[in-house]
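Residue numbers (this note's numbering): 179 to 240.
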């Protein structure tokens with residue numbers, strides 16, 4: 179049986195399937211405060227709240 183990485187979706191653990199992949203992901207910022215400059219699609223790991231966030235062009239969302 180193959181096992182895949184777990185993620186939390188809406189509070190429930192789920193396995194990432196073999197076909198789910200992040201493409202064209204560059205550097206993921208890891209810091210406690212939101213970056214001063216971002217472009218749409220940037221990823222930021224908020225170390226203060228332990229959340230991965232994505233910039234949608236107007237703000238950061240989880």
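C-beta: ideal position from N, C-alpha, C; glycine also. All figures in this text were calculated on a predicted structure; none of them were measured in a lab.
**OP:** Give me the Cα-Cα distance between residue 213 and residue 222, rounded to the nearest whole angstrom.
**Re:** 8 angstroms
**OP:** Might you give, ordered along the chain, the residues of its own chain that have their beta carbon closer than 8 angstroms to the beta carbon of residue 229, omitting 5 neighbours on each side?
**Re:** 223 and 240
Original post:
Helix, strand or coil: how does DSSP classify residue 217 here?
Top reply: coil
Original post:
Skipping 5 residues on each side, what residues in its chain have a beta carbon closer than 8 angstroms to that of residue 234?
Top reply: 218
Original post:
Can you tell me the Cα-Cα spacing of residue 209 and residue 227, whole angstroms?
Top reply: 10 angstroms
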